[in-house]
Amino acid sequence: MNEPIVYKRSVLVGQLILVQLAVPAVVAIAMLYGLCRFYGAPFDTEFRLLSILVALMAPMFLKPPDVGALDILPRWGAIAFNSMVRWLVTLGLLFAILYATKMSALFSRRVLLTWAVTTPILLIIVSIALNEVLRLFMTASGNIRQAVVAGFNEVSIVLADRIHRNPTLGIRIEGYFDDRSADRLRLPQQTKLLGGLSDLAAYVNTHRIDVIFIALPMRQVQRVVDLLDELRDTTTSIYFVPDIFVMDLIQSRTSDISGVPVVAMCETPFQGMPGLVKRMMDFGISGIAVVLLSPLLLIIAILIKLDSGGPVIFRQRRYGLDGQIIDVFKFRTMNVTEDGDEIQQATRHDSRVTAVGRILRRYSIDELPQLFNVLAGSMSLVGPRPHAVAHNEQYRRLIKGYMVRHKVLPGITGLAQVNGCRGETSRLEDMKARVEYDLEYLRQWKPSLDLWILVRTAVQLLRDRKAY
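Numbering (my numbering), first residue to last: 643 to 1110.
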């Protein structure tokens, strides 16, 4: 969790964060108690047990997104969407527990149904109100810290831009210190060069500076050490901003190994609880889909047999998690089953595609057997689309960062697909665009993003012209 380390009244900020964490459980339990009183149902042992489950699950599933990362406060629409998604996940888990323990019959159905519908409305209202209180507090003049930056370079420019665009950080950058002249640095307008690095300590002591960001290149490590030594006679907070962060990082975060600080530069977003949430979503949604679609799957299998004979299911080797080869299932849509060192991609009006196969490919119905891949754990509902092994070996040599997309399970659909990057990749630029969306998915993942991609996929299937 990213700590709010730069606020003047950080203790009060921390208290407000704790309130944000506690409010969802308080709202849900209060609504449950109030509805019991309203309908005349006793708030007995069963409802008290349900309240305990809510209290335990709320910090994990109902917490605001990115609690502690207060550099950007979400907009109202994002709050409403995230609150609704998190409530549905929590509700699904609660009802699953009640069903598995055969306790669901012990509760008043009127109370539970009303509670399920009305609680997210109140939760959204309260969350927005708290968000605005936090916003007002963090942008108040008494909470602003004055900051200066040692070093004018790409990383300090990025840092200053982020701070300027996010007033809720509570930081105002007064200017820069650098040993080069203003003419040589080509400083933009409104950017102040306050002096050389040797002037920094004296300036800080005489101008009530609260924060210093040292953004010198890592190759100047001795200059950084000297600068820290010169600043020992100040009470200013000092932060080192390593220039590695101008690189294209995936799920970057700081941690430690037995007290030794380390920085993650390329990591999967699905470690710990996020991985569990992802797997539960995959297993639950795909399991329901298989049950509901089983009659359709049977009909399709019969049509394929009648149309062209041969096997119903086509297996193709593709790269899965960490580059391990997996078998991906599809309904067979061609008269060939290519899986060698060279594979020709399907093209428009491809003569290899069967009559039934053309319809299946048009609406991506041929991908439905991959639901069994998801249930088995070799794929996910949402993630980078797996490519044939032959294509992987071709593009990994041509596209920088291509194999990073295999840090997560491949998906039936993905961010690239809902942004139009699907179908034939006749040009290298087509595959580069697809890979960039895949990497963006790794950077930005959260449960609501998966749900958004699934909804977008369902809508686009009816109007996609790139599937053939």
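We put the CB at the ideal spot given by N, CA and C, even for glycine.
Between residue 682 and residue 752, the alpha-carbon positions lie close to 11 angstroms from each other. In this structure the region 966-974 lies against the region 1003-1012, because at least three pairs of beta carbons, one per stretch, are closer than 8 angstroms. Per DSSP, reduced to three states, the secondary structure at residue 896 is strand. In the structure shown, residue 1014 adopts helical secondary structure according to DSSP, grouped into three states. Residue 1095 sits away from residue 1031, with the two beta carbons spaced by 9 angstroms or more. For residue 954, the three-state secondary structure derived from DSSP is coil.
If you draw a 10 Å sphere on the C-beta of residue 915, you find fewer than 16 other C-beta atoms in it, and that means exposed. Counted as a single uninterrupted DSSP element, the beta strand (DSSP E) harbouring residue 1053 occupies residues 1053-1055. Considering only 1029, 854, 907, the residue with the shortest C-alpha distance to residue 789 is 854.
Residue 976 carries a strand assignment under DSSP once its states are collapsed to helix, strand and coil. According to DSSP, residue pairing for residue 880 in a beta bridge involves 854.
Rounded to whole angstroms, the gap between the alpha carbons of residue 1049 and residue 977 is 33 angstroms. By the criterion of at least three beta-carbon pairs nearer than 8 angstroms, the region 723-738 is in contact with the region 754-769.
Excluding the 5 residues flanking it on each side, residue 933 has no same chain C-beta neighbour closer than 7 angstroms. Residue 901 and residue 824 have their alpha carbons spaced roughly 41 angstroms apart. With a contact defined as Cβ atoms closer than 8 angstroms, residue 772 and residue 665 qualify at about 6 angstroms.
Counting only residues of its own chain and dropping the five nearest sequence neighbours on each side, residue 1099 has a CB closer than 7 angstroms to the CB of 1055, 1059, 1060. Note on geometry: alpha-carbon atoms of residue 846 and residue 869 lie some 12 angstroms from one another.
Each of 756, 661, 736 was checked against the Cα of residue 693, and the nearest Cα belongs to 736.
In the assembly as shown, residue 961 is a buried residue. Its beta-carbon has 16 or more other beta-carbons within 10 Å.
Rounded to whole angstroms, the gap between the alpha carbons of residue 861 and residue 872 is 19 angstroms.
Counting only runs of 4+ residues, the alpha helix (DSSP H) found wholly inside the region 814-860 occupies 824-827, 842-848, in chain order. If you draw a 10 Å sphere on the C-beta of residue 941, you find fewer than 16 other C-beta atoms in it, and that means exposed.
Within the same chain, Cβ atoms closer than 7 angstroms to the Cβ of residue 1093 are found at 727, the five residues on either side in sequence being excluded. A straight-line Cα-Cα distance of about 12 angstroms links residue 720 and residue 1088. In the DSSP assignment, residue 1023 falls within the beta strand (DSSP E) that extends over 1022-1024. Within 10 angstroms of the beta-carbon of residue 875 lie fewer than 16 other beta-carbons, which makes it exposed. Inter-segment contact for the region 922-930 and the region 1016-1023 is present: three or more beta-carbon pairs are separated by less than 8 angstroms. If you look at residue 802, you'll find it in the alpha helix (DSSP H) that goes 796-807. One Cα belongs to residue 835, the other to residue 819, and the distance between them is close to 6 angstroms. Nearest C-alpha to residue 689 among 725, 795, 740: 740. Counting the other Cβ atoms within 10 Å of the Cβ of residue 661 gives fewer than 16, which makes it exposed. DSSP, reduced to helix, strand and coil, places residue 1063 outside both helices and strands of the structure shown, so it counts as coil.
At least 9 angstroms separates the beta-carbon of residue 918 from that of residue 906. Classified as buried, residue 1083 has 16 or more neighbouring CB atoms from the shown chains inside 10 Å of its CB. Taking the C-beta atoms as reference points, residue 760 is found no nearer than 9 angstroms to residue 839.
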